[in-house]
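J.: Following this message is one structure expressed as structure tokens.
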Amino acid sequence: GENVEQHPSTLSVQEGDSAVIKCTYSDSASNYFPWYKQELGKGPQLIIDIRSNVGEKKDQRIAVTLNKTAKHFSLHITETQPEDSAVYFCAASITSGSRLTFGEGTQLTVNP
Amino acid sequence: NAGVTQTPKFQVLKTGQSMTLQCAQDMNHNSMYWYRQDPGMGLRLIYYSASEGTTDKGEVPNGYNVSRLNKREFSLRLESAAPSQTSVYFCASRDTIRGYTFGSGTRLTVV
Numbered sequence: 001g002e003n004v005e006q007h008p009s010t011l012s013v014q015e016g017d018s019a020v021i022k023c024t025y026s027d028s029a030s031n032y033f034p035w036y037k038q039e040l041g042k043g044p045q046l047i048i049d050i051r052s053n054v055g056e057k058k059d060q061r062i063a064v065t066l067n068k069t070a071k072h073f074s075l076h077i078t079e080t081q082p083e084d085s086a087v088y089f090c091a092a093s094i095t096s097g098s099r100l101t102f103g104e105g106t107q108l109t110v111n112p
Numbered sequence: 113n114a115g116v117t118q119t120p121k122f123q124v125l126k127t128g129q130s131m132t133l134q135c136a137q138d139m140n141h142n143s144m145y146w147y148r149q150d151p152g153m154g155l156r157l158i159y160y161s162a163s164e165g166t167t168d169k170g171e172v173p174n175g176y177n178v179s180r181l182n183k184r185e186f187s188l189r190l191e192s193a194a195p196s197q198t199s200v201y202f203c204a205s206r207d208t209i210r211g212y213t214f215g216s217g218t219r220l221t222v223v
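Protein chains in written order, with our numbering: chain R, 1 to 112; chain P, 113 to 223.
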């Protein structure tokens, strides 16, 4: 089955800096790669996703890049703010309708 | 629009006790999922239901059972709780366009 690895497990940045979280996946058939943000005491929420026919996708301060050849994808957050502090999960599946396999999560802390 | 509702939010069980975690969604989604979240291990799939009347095992099904009562409700049962089942449990339902919607979780401690 699919295996998703996520790095780093913790990341601390200063407000205004950029943050990058990286994931690798094992199943070359995977074509859908979402990212979830989990705030303390809440369930994960989808923040951005990318499909294999696209190399990069942006939404305001958040961007995701995908390298299908190398089987890795990354989340980029620019101009970080304290409210970006949360646990971020990457995931992969064959289609957007398939079961997701999640990475281990990254605890992002943005220091004011 | 409540989304995915989980009850209870917190529970403490003694080893060997049983309990059922409840999940309901009001988005008319066909697929529903139960995950457990443990530190450093991400979200691991326990069971899922692709549609009303069907259920399938995920990565870590041992010690759990599920029931898809109707399209809205998907419950998770621990028949004889063990300390290894101490975790945060999340229910989710899926829309093929917008992806997963998660509930707010149930924090379970087995002593």
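Don't be surprised by glycine CBs; every beta carbon is placed ideally from N, CA and C.
If we call anything under 8 Å between Cβ atoms a contact, is R180/P one with M131/P?
T.: No; because the gap between Cβ atoms is not below 8 Å, this pair is not in contact.
J.: Could you tell me whether the region 85-101 of chain R touches the region 119-135 of chain P, where touching means 3 or more Cβ pairs closer than 8 Å?
T.: Contact fails: fewer than three Cβ-Cβ distances are below 8 Å.
J.: Is any beta-carbon of chain R found at less than 8 Å from that of F122/P?
T.: Closer than 8 Å: no.
J.: Can you find at least 3 beta carbon pairs, one from the region 68-88 of chain R and one from the region 13-29 of chain R, that sit closer than 8 Å?
T.: With the cut-off at 8 Å, the region 68-88 of chain R and the region 13-29 of chain R touch.
J.: Identify whether E5/R lies in helix, strand or coil by the three-state DSSP scheme.
T.: Three-state DSSP puts E5/R in a strand.
J.: Quick check: N174/P and R189/P, are their CB atoms within less than 8 Å of each other?
T.: For N174/P and R189/P, no; Cβs fall outside 8 Å.
J.: Under a Cβ-count criterion, where at least 16 other Cβ atoms within 10 Å of its own Cβ denotes burial, should P34/R be classed as buried or exposed?
T.: Classification of P34/R: buried, given that the 10 Å Cβ count is 16 or more.
J.: Name the one or two DSSP bridge partners that L155/P has.
T.: Beta-bridge pairing links L155/P to Q149/P.
J.: Applying a beta-carbon distance threshold of less than 7 Å, which residues of chain R neighbour L220/P?
T.: Within chain R, no residue comes near L220/P; the closest Cβ sits about 15 Å away, beyond 7 Å.
J.: Between which residues of its own chain and E191/P is the CB-CB distance below 7 Å, once the five residues before and five after are set aside?
T.: Closer than 7 Å at Cβ, skipping near neighbours: S130, N177.
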